[in-house]
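Beneath this line is the structure, given in structure tokens, with notes to follow.
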Amino acid sequence: MTLASTRTKAEQALSRSFEAVAAELPGGRAIAEARKAAIGTFAALGLPHRRLEQWKWTDLRSALKEALPPAVNERHELSASIIDAALEELAAIDAHRMVFVDGRHAPQFTTQADLGGLEVTPLAEALRPDGSASDALTDQSITGNEAVVALNTAFMTDGALIRLAKGVRLDKPLLLLFARSAREGRLVTLRNRIVLAEGAEATVIEAHLALPGAAAGQTNTLTDVRLGPGARLAHVKCTLAGERASHLATWLATLGQTSVYRAFQLTAGSGLVRNNIFALFKGEGAKLDISGAFLGREVEHIDTTLVVDHAVPGCESRELFKGVLADRAHGVFQGKVIVRPNAQKSDGKQMAQALMLSPDAEFDSKPELEIHADDVVCGHGATAAEIDEDLLFYMRARGIPVAQARALLIESFIGEAIDKVEDERLRVALAQMAKRRLTGLTAAQP
Amino acid sequence: MPAVQQTIDQVRRIDVDQYKYGFETTIEVIKAPKGLNEDIVAFISRKKSEPAWMLEWRLEAYRRWKMMSEPTWANVHHPKIDFQDLHYYAAPKSTEGPKSLAEVDPELLRTYEKLGIPLKEREILAGVQNGSRVAVDAVFDSVSVVTTFKEELAKAGVVFCSISEAVRSHPELVKKYLGSVVPQSDNFYAALNSAVFSDGSFVYVPQGVRCPMELSTYFRINERQTGQFERTLIIADKGAYVSYLEGCTAPTRDENQLHAAVVELIALEEAEIKYSTVQNWYPGDKEGRGGVYNFVTKRGDCRGRNSKISWTQVETGSAITWKYPSCILRGDNSRGEFYSIAVSNGYQQVDSGTKMIHLGKNTSSRIISKGIAAGHSQNTYRGLVSAHRKATNARNFTNCDSLLIGDKCGAHTVPYIEAKNASAHFEHEATTSKISDDKLFYCQQRGLSEEEAVALIVNGFVRDVLQQLPMEFMAETQKLIGVSLEGSVG
Numbered sequence: 032m033t034l035a036s037t038r039t040k041a042e043q044a045l046s047r048s049f050e051a052v053a054a055e056l057p058g059g060r061a062i063a064e065a066r067k068a069a070i071g072t073f074a075a076l077g078l079p080h081r082r083l084e085q086w087k088w089t090d091l092r093s094a095l096k097e098a099l100p101p102a103v104n105e106r107h108e109l110s111a112s113i114i115d116a117a118l119e120e121l122a123a124i125d126a127h128r129m130v131f132v133d134g135r136h137a138p139q140f141t142t143q144a145d146l147g148g149l150e151v152t153p154l155a156e157a158l159r160p161d162g163s164a165s166d167a168l169t170d171q172s173i174t175g176n177e178a179v180v181a182l183n184t185a186f187m188t189d190g191a192l193i194r195l196a197k198g199v200r201l202d203k204p205l206l207l208l209f210a211r212s213a214r215e216g217r218l219v220t221l222r223n224r225i226v227l228a229e230g231a232e233a234t235v236i237e238a239h240l241a242l243p244g245a246a247a248g249q250t251n252t253l254t255d256v257r258l259g260p261g262a263r264l265a266h267v268k269c270t271l272a273g274e275r276a277s278h279l280a281t282w283l284a285t286l287g288q289t290s291v292y293r294a295f296q297l298t299a300g301s302g303l304v305r306n307n308i309f310a311l312f313k314g315e316g317a318k319l320d321i322s323g324a325f326l327g328r329e330v331e332h333i334d335t336t337l338v339v340d341h342a343v344p345g346c347e348s349r350e351l352f353k354g355v356l357a358d359r360a361h362g363v364f365q366g367k368v369i370v371r372p373n374a375q376k377s378d379g380k381q382m383a384q385a386l387m388l389s390p391d392a393e394f395d396s397k398p399e400l401e402i403h404a405d406d407v408v409c410g411h412g413a414t415a416a417e418i419d420e421d422l423l424f425y426m427r428a429r430g431i432p433v434a435q436a437r438a439l440l441i442e443s444f445i446g447e448a449i450d451k452v453e454d455e456r457l458r459v460a461l462a463q464m465a466k467r468r469l470t471g472l473t474a475a476q477p
Numbered sequence: 115m116p117a118v119q120q121t122i123d124q125v126r127r128i129d130v131d132q133y134k135y136g137f138e139t140t141i142e143v144i145k146a147p148k149g150l151n152e153d154i155v156a157f158i159s160r161k162k163s164e165p166a167w168m169l170e171w172r173l174e175a176y177r178r179w180k181m182m183s184e185p186t187w188a189n190v191h192h193p194k195i196d197f198q199d200l201h202y203y204a205a206p207k208s209t210e211g212p213k214s215l216a217e218v219d220p221e222l223l224r225t226y227e228k229l230g231i232p233l234k235e236r237e238i239l240a241g242v243q244n245g246s247r248v249a250v251d252a253v254f255d256s257v258s259v260v261t262t263f264k265e266e267l268a269k270a271g272v273v274f275c276s277i278s279e280a281v282r283s284h285p286e287l288v289k290k291y292l293g294s295v296v297p298q299s300d301n302f303y304a305a306l307n308s309a310v311f312s313d314g315s316f317v318y319v320p321q322g323v324r325c326p327m328e329l330s331t332y333f334r335i336n337e338r339q340t341g342q343f344e345r346t347l348i349i350a351d352k353g354a355y356v357s358y359l360e361g362c363t364a365p366t367r368d369e370n371q372l373h374a375a376v377v378e379l380i381a382l383e384e385a386e387i388k389y390s391t392v393q394n395w396y397p398g399d400k401e402g403r404g405g406v407y408n409f410v411t412k413r414g415d416c417r418g419r420n421s422k423i424s425w426t427q428v429e430t431g432s433a434i435t436w437k438y439p440s441c442i443l444r445g446d447n448s449r450g451e452f453y454s455i456a457v458s459n460g461y462q463q464v465d466s467g468t469k470m471i472h473l474g475k476n477t478s479s480r481i482i483s484k485g486i487a488a489g490h491s492q493n494t495y496r497g498l499v500s501a502h503r504k505a506t507n508a509r510n511f512t513n514c515d516s517l518l519i520g521d522k523c524g525a526h527t528v529p530y531i532e533a534k535n536a537s538a539h540f541e542h543e544a545t546t547s548k549i550s551d552d553k554l555f556y557c558q559q560r561g562l563s564e565e566e567a568v569a570l571i572v573n574g575f576v577r578d579v580l581q582q583l584p585m586e587f588m589a590e591t592q593k594l595i596g597v598s599l600e601g602s603v604g
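These protein sequence lines are chains X and E, in that order. When the letters of the first sequence are read in order and numbered with my numbering, they come out as residues 32 to 477. When the letters of the second sequence are read in order and numbered with my numbering, they come out as residues 115 to 604.
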């Protein structure tokens with residue numbers, strides 16, 4: 032198609048800003064080469080557009096009108112109290128913290144655990160010529176030629192590299208905070224890696240927040256999760272990127288034999304979000320549970336696209352995504368479960384539900400199954416509807432005012448997804464954060 | 115849970131090497147030279163003695179087609195089709211154009227007899243012979259050879275004839291409705307069809323008339339290296355009702371044959387159209403050689419208030435099926451339905467489903483799809499349900515189940531659900547059709563073995579689709595009734 036060869040302003044700007052900042056990006060020669068190759072891949076692909084099946088409902092080419100300059104060495108004046116305030120209920124959770132501001136590690140706010148078997152390294156350090164460099168680049172085979180991943184490789188500045196040794200159990204959650212403070216719009220590019228060796232156990236919270244006064248920016252973040260045999264990871268991502276901000280996120284997870292991966296994503300108050308999740312079962316008997324709650328208002332656009340690949344027999348996957356859409360918000364859910372030939376005894380279940388509060392809201396979903404084995408149990412479902420009048424009537428008949436009844440129904444709808452978080456304190460904190468935003472959401476509705 | 119033995123046996127019975135309609139009729143034919151250009155389009159138009167506007171319409175479609183490229187999004191794989199290496203027109207020499215039964219070449223009548231579609235009229239009308247009163251339009255390669263019960267239908271005011279005849283006898287209706295549901299440039303294959311369609315059926319049921327009998331078309335591809343491009347246009351005027359059946363077969367050949375049809379249905383206010391298909395094209399042999407490539411555009415337009423269109427299909431044939439019978443629910447309170455059982459065997463590839471496009475207020479749709487894949491086949495359900503901004507109170511319920519028999523085949527589900535309206539209620543379900551323990555327990559309590567109980571419950575379950583079929587098709591689908599969906603996956 033000749034269309035692809037004409038590049039939009041944003042696409043050209045991205046290629047140009049790479050030239051401008053390439054020298055300042057961390058990494059030795061090998062990394063510089065990899066970055067160059069990646070920007071070449073991006074130049075060939077361009078930003079994903081609606082003619083690409085996976086981007087049918089999220090047309091980045093038309094949504095990203097401009098490319099912001101990459102944040103390379105932003106200055107910031109911050110205090111721990113500003114950060115705590117931005118973390119809301121998460122601040123009260125007793126956790127090891129690692130804080131990144133505008134795409135750079137901020138060691139003054141990081142409270143690292145001195146725990147045997149836990150290694151935490153900022154990516155920028157690892158990328159240094161003497162660091163464990165090339166190993167920080169992600170295995171491309173899982174995502175193919177993804178433009179968003181290519182941009183991440185080209186521009187990544189920092190992130191957390193976490194390694195938990197065999198059998199080690201992390202005493203408390205590890206909170207990775209990625210905050211934005213820049214007063215001018217910047218592109219922040221992050222890459223994380225979480226590796227749990229055999230039998231290791233951890234809870235990791237990824238929080239992406241805008242600090243007060245921060246300009247709307249663009250984020251491209253990638254988290255690579257690798258679970259060894261029998262490892263257990265609870266992974267929570269909280270995206271509160273800010274109005275008009277764009278947030279492109281990729282999770283790549285590979286699950287070893289009998290490992291357990293429980294993930295949850297809360298997304299709210301963000302202009303444009305794409306959460307791309309690729310999960311691959313590498314060892315038999317592994318379990319995966321990915322859930323999410325998304326709250327959209329005004330013209331926010333929230334897209335969750337996930338691919339669960341049952342490449343080996345005997346694995347179990349569960350997904351539950353629930354969204355509340357107000358005003359002209361647009362929600363997207365694309366979920367694909369693949370069961371490879373011979374992946375017998377696979378068990379997959381997927382559900383996406385949206386509650387539409389406004390006549391102008393839109394929810395598009397595509398729960399997809401691709402099954403090549405005959406002895407499997409797979410199911411999926413998707414619903415889109417407004418609040419059930421009967422339920423509302425029932426509650427009103429029992430004396431609950433309509434506004435409260437609506438709020439309760441919405442809260443319980445979202446609550447089903449949040450309930451999937453096992454850690455109680457974390458669950459309560461997330462529910463509180465969601466509730467606060469739901470109040471804002473429902474108040475404005477007719 | 116793997117498929118139960120009974121299911122495996124049932125599917126085996128309709129496996130590709132069991133194809134019964136693979137014989138060939140030797141008959142003299144007139145063919146257009148191979149290839150496609152404006153001259154061939156004009157040749158077909160001339161053969162059909164069409165008026166100038168029709169030729170112009172075809173040429174416009176041809177020009178649009180030349181600028182289009184083949185769609186590649188479907189989950190089907192085949193070598194590139196050389197559209198210049200095909201005959202676009204083939205007609206039995208003796209029967210160029212429909213005639214009365216008495217004039218039809220006996221060889222053709224014998225062919226249809228062998229296919230189980232006896233083309234008889236007088237005996238049935240006179241009550242000499244028992245037979246179902248079904249009017250048949252028999253299409254052989256590029257032409258309609260005969261249409262039965264025409265006079266009988268005319269008494270009720272129903273027009274049932276081949277489309278080439280309709281172009282000549284009812285130009286005002288054809289002009290008004292042809293291409294109004296599937297425009298010439300709708301997609302690659304529809305454009306091709308618009309340029310070269312040779313025959314097909316035309317039905318017009320006037321206001322307030324309930325069509326007195328089932329109408330049907332039987333399509334037969336016979337010639338080598340010939341594409342069949344039929345076009346069907348059915349119009350149900352205000353308050354009318356019609357039920358239409360379509361059947362199709364082709365001889366066993368080791369080359370692939372192309373079939374690219376377009377079906378347009380138009381239901382005006384309070385009208386109802388029921389369209390049923392038993393698609394039994396030659397599926398290719400055990401190694402996947404030969405078989406029909408079936409690229410079909412079928413779409414119904416519920417144009418008036420309270421109108422209803424329902425598609426029912428039972429598919430066992432074709433090497434490749436690419437077909438999405440759809441409903442545009444334009445009229446307020448209109449309803450669309452889609453019931454489908456698709457069984458794929460051998461190396462068959464099925465990419466089929468439906469689209470329900472809700473535009474009017476209070477529209478509703480229902481999709482029930484059962485896919486069964488065996489052998490090395492790939493069976494994909496692809497569907498779209500969308501509610502536009504003004505389609506308040508749109509309702510949809512979708513249920514698609516699939517079953518795999520063996521570990522070399524694949525079953526896929528690709529539903530697209532777009533709700534642009536808060537009052538839309540969309541439910542998509544592709545659950546494992548696990549039989550509820552309660553039902554099973556109930557049956558077993560009454561002395562049935564588990565296997566028998568499963569078969570009983572499943573038969574009742576599949577009947578959801580089958581009971582939508584007119585009686586005449588029951589025999590053809592009987593063999594599928596027993597197919598159990600136990601162990602199926604979403």
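Glycine residues also receive a C-beta, built at the ideal position from the N, C-alpha and C atoms. What you are looking at is a predicted structure, and each value in this text was computed from that prediction instead of being measured.
- Taking 8 Å as the CB threshold, residue 321 of chain X stays off the interface with chain E.
- Residue 485 of chain E sits close to residue 456 of chain E, with the two beta carbons spaced by under 8 Å.
- Counting only runs of 4 or more residues that sit fully inside the region 128-152 of chain X, no alpha helix (DSSP H) segment turns up.
- By the criterion of a C-beta distance shorter than 8 Å, residue 406 of chain X is surrounded in its chain by 375 and 376, once the five residues flanking it on both sides are discounted.
- The Cβ-Cβ distance between residue 373 of chain X and residue 335 of chain X does not fall below 8 Å.
- Per DSSP, residue 350 of chain X is not a residue of any alpha helix (DSSP H); the beta strand (DSSP E) it occupies stretches across 347-356.
- Assigned with DSSP and collapsed to three states, residue 187 of chain X falls in coil, not helix or strand.
- Residue contact check for residue 521 of chain E against chain X: a CB pair falls below 8 Å.
- Here the alpha carbons of residue 207 of chain X and residue 235 of chain X stand approximately 7 Å from one another.
- The C-alpha of residue 472 of chain X lies about 39 Å from the C-alpha of residue 402 of chain X.
- Boundaries of the beta strand (DSSP E) harbouring residue 407 of chain E: 405-416, taken from the DSSP string.
- Residue range 478-488 is occupied by the beta strand (DSSP E) that includes residue 486 of chain E.
- Per the C-alpha coordinates, the member of E:415, E:414 and E:393 positioned closest to residue 405 of chain E is E:393.
- Per DSSP, the beta bridge partners of residue 347 of chain E are E:316 and E:378.
- In the DSSP assignment, residue 338 of chain X falls within the beta strand (DSSP E) that extends over 332-341.
- Cβ-Cβ distances below 6 Å link residue 408 of chain X to 378 in the same chain, with the five nearest sequence neighbours on each side left out; the list follows chain order.
- Taking a C-beta distance under 8 Å as the contact criterion, residue 364 of chain X and residue 322 of chain X do not qualify as a contact pair.
- Assigned with DSSP and collapsed to three states, residue 461 of chain E falls in coil, not helix or strand.
- Remark: fewer than three beta-carbon pairs, one from each stretch, lie closer than 8 Å, so the region 558-567 of chain E and the region 429-440 of chain X are not flagged as touching.
- Put simply, the CB of residue 531 of chain E is near chain X, with a gap under 8 Å to one of its CB atoms.
- With respect to the 8 Å criterion, residue 541 of chain E and residue 414 of chain X are classified as neighbours on the basis of their beta carbons.
- The shortest CA-to-CA distance from residue 301 of chain E to any of E:481, E:411, E:385 and E:154 is the one to E:411.
- By the neighbour-count criterion, in which a residue is buried when 16 or more other Cβ atoms sit within 10 angstroms of its Cβ, residue 500 of chain E is buried.
- Against chain E, a Cβ distance below 9 Å from residue 79 of chain X picks out nothing, because the smallest value is about 16 Å.
- Note on residue 492 of chain E: 16 or more other CB atoms within 10 angstroms of its CB, so buried under the neighbour-count rule.
- The alpha helix (DSSP H) runs lying completely inside the region 384-438 of chain X and spanning 4 residues or more are 420-428, given in chain order.
- In this structure, DSSP gives residue 40 of chain X a helical state, which the three-state scheme calls helix.
- Taking all protein chains in view, the Cβ of residue 96 of chain X is surrounded by fewer than 16 other Cβ atoms within 10 Å, so the residue is classified as exposed.
- The three-state secondary structure of residue 160 of chain X, taken from DSSP, is coil.
- Using beta-carbon distances, residue 535 of chain E counts as an interface residue toward chain X, with a partner under 8 Å.
- Under the 8 Å criterion on CB atoms, residue 436 of chain E is classed as non-interfacial with respect to chain X.
- Against residue 525 of chain E, the close residues of chain X are 402, in the order they occur along the chain (beta-carbon pairs closer than 7 Å).
- Using a Cβ-Cβ cut-off of 9 Å, residue 518 of chain E is close to 402, 403, 404, 405, 406 and 407 of chain X, given in chain order.
- Distance between residue 39 of chain X and residue 91 of chain X, taken at the CA atoms: about 11 Å.
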